[in-house]
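Residue numbers (our numbering): 700 to 977.
Note that the Cβ used here is the ideal one computed from N, Cα and C, for glycine as well.
This report concerns only the one structure given below.
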Amino acid sequence: MIIVNDIEELLKESKKLKGSVGFVPTMGALHKGHLTLIQKARVDNDIVIVSIFVNPTQFLEGEDLDAYPRKEEADSKICKLAGVDILFMPSVEMMYNSDELSITAPAIRGFILEGTKRAGHFDGMLQIVMKLLNLISYNKPSSFRAYFGKKDAQQLVLIQQMVRDYFLNVEIVPCDIVRDRDGLALSSRNVYLSKDERGRALSLSRSLKSATDMILKKEFNVEKIKKEMLLSLKDVDVEYVELVNRQFQPIQRVELGNTIILVAVSVGKTRLIDNLWI
Ligand code: AMP
C-alpha cells in the first residue's frame, strides 16, 4: 500500500495502476462499518483507493471539527491489512483554495432533516465528494465505483443526485449499515459516549425495531409509527423521527421497498443518526 499526501503524487501513482478502481472516501477513525465498504470495494475492483480527510467545510460552527477523532496510524494499518492500494490523506490546504466555486445542495431534498438541522453541511459534503471523485478518476480508469454507507442515508441520496445532475462517470455503490452486537450503528463519534450514554443510545435502534414490528403487523400509517417510535426513544433528546421515500420525499403511508425510516437524537453532547431501509 502506498500512502499519499500530495495531489500530484496521487495522480502519478494512480496512473501506474491499471483496471477498475473502487474508491472509499472516509473521515478516518476507521471501524467495521468503513471496513465493510473497503472489503466490498476490494472484491469488486482491481484497485482500491481510500481517502481519509476530515473535511472542514461540512462541519458547522460549534460542531466537533477540532475534537473529531484522528487515528492515522491505526487507520493505515487497517487499510494495509484490508488490501488497499492507495491511501490518500491530503491536507486542507491541498484540497481547498481561498476563493472557490461552491456546490449547493438541492433546495428541497437538501434542506430537510439533516439539511435543516445542519444547514450548510451538505454543501460542504458535496463539494469535497465532487473534488475527490474527480481526483480519483482523473486518469480515467476502465471503470470507477465509489462506496457509501446507507448509515448516512440523505448524504447517499444527494451524492446519487449529484452524479446524475452533473453527469459524473461513476457508479455509486450503497452499502448496508454495520452495527454492534447490541444494535448500535457503528460511528466514529461513538467514542464520545460514556458508558451510561452508550446505554441510552441503544434506544435509536430500538425505535427502528419498534417501527419494523409495526410494519410486519401491516401497520403502514406513518403518524402511528412515528408515535410508537417516539415512545421507545427514552432518555435522549430527539431531533427528528421521519419516514420518507427513497427520493427523500415525505410519505403518509409506508411503501414496502421504497421507504427509509430515519432518526436523529443527541445523547449528552453527542449527536447520533440511524435509519432503516424498508
Ligand atoms: P465517515 O468517515 O463517517 O465520513 O464515513 C465514511 C463512509 O462510511 C460513509 O459512506 C458512511 O456512510 C460509511 N459508514 C459510516 N458508518 C457506517 C456504518 N456503521 N455502516 C456502514 N457504513 C458506514
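Could you pull the start and end residues of the beta strand (DSSP E) that A845 belongs to? Segment 843 to 848, the beta strand (DSSP E) holding A845.
Would you please state the rounded distance, in angstroms, between the beta carbons of V890 and P805? I believe it to be under 8 Å. With a contact defined as Cβ atoms closer than 8 Å, V890 and P805 miss out at about 32 Å.
Assign N754 to one of two classes, buried (16 or more other C-beta atoms within 10 Å of its C-beta) or exposed (fewer than that). By the neighbour-count criterion, in which 16 or more other beta carbons inside 10 Å mark a residue as buried, N754 falls on the buried side.
Considering only C-alpha positions, which residue in the set R905, V783, I807, L709 is nearest to R741? Looking at the Cα atoms, V783 is the closest of the given residues.
Hey, out of M861, I977, D765, whose CA is closest to D822's CA? Checked all of M861, I977, D765; the closest Cα to D822 is M861.
Which residue marks the beginning of the beta strand (DSSP E) containing F821, and which one marks its end? First-last for F821: 820 to 835, but that is the alpha helix (DSSP H), not the beta strand (DSSP E).
Roughly how many angstroms lie between the CA atoms of L831 and F722, to the nearest whole one? Distance between the alpha carbons of L831 and F722 is about 9 Å.
Between which residues of its own chain and S979 is the CB-CB distance below 7 Å, once the five residues before and five after are set aside? The requested residue 979 does not occur in the structure, where the chain is confined to residues 700 to 977.
Hey, how far is the Cα of S906 from the Cα of N974? C-alpha separation (whole angstroms): 10 Å.
Contact between the stretch 961 to 969 and the stretch 933 to 943: three or more CB pairs below 8 Å? Yes: the two stretches touch, three or more of their Cβ pairs being nearer than 8 Å.
Nearest residue (CA-CA) to S886, options H820, G727, A766: Taking each of H820, G727, A766 in turn and checking the Cα distance to S886, the smallest one comes out for G727.
Span of the beta strand (DSSP E) holding L883? Annotation for L883: no beta strand (DSSP E) segment contains it, and DSSP assigns it neither H nor E.
Determine the contact status of T725 and V877, defining contact as a CB-CB distance below 7 Å. Taking 7 Å as the Cβ cut-off, T725 and V877 do not qualify as a contacting pair.
On the CB-based measure, 16 or more other CB atoms within 10 Å of its CB, does K711 come out buried or exposed? Label assigned to K711: exposed.
Span separating the alpha-carbon of Q757 from that of I972: When rounded, the distance between both Cα atoms is 16 Å.
Between the C-alpha atoms of S713 and N838, what's the straight-line distance to the nearest angstrom? As the crow flies, the alpha-carbon of S713 is around 7 Å from that of N838.
Own chain partners of N957 with C-beta closer than 6 Å, once the 5 adjacent residues on each side are dropped: For N957, where only same-chain residues beyond five positions count, the Cβ hits under 6 Å are N944, R945.
Which of helix, strand or coil does DSSP assign to D934? In this structure, D934 counts as coil in the three-state DSSP scheme.
Under 6 Å: does the beta carbon of I733 sit that close to some heavy atom of the ligand AMP? In the sequence under discussion, the amino acid at residue 733 is His, which differs from the Ile named in the question. Answer for H733: yes, Cβ within range of the ligand AMP.
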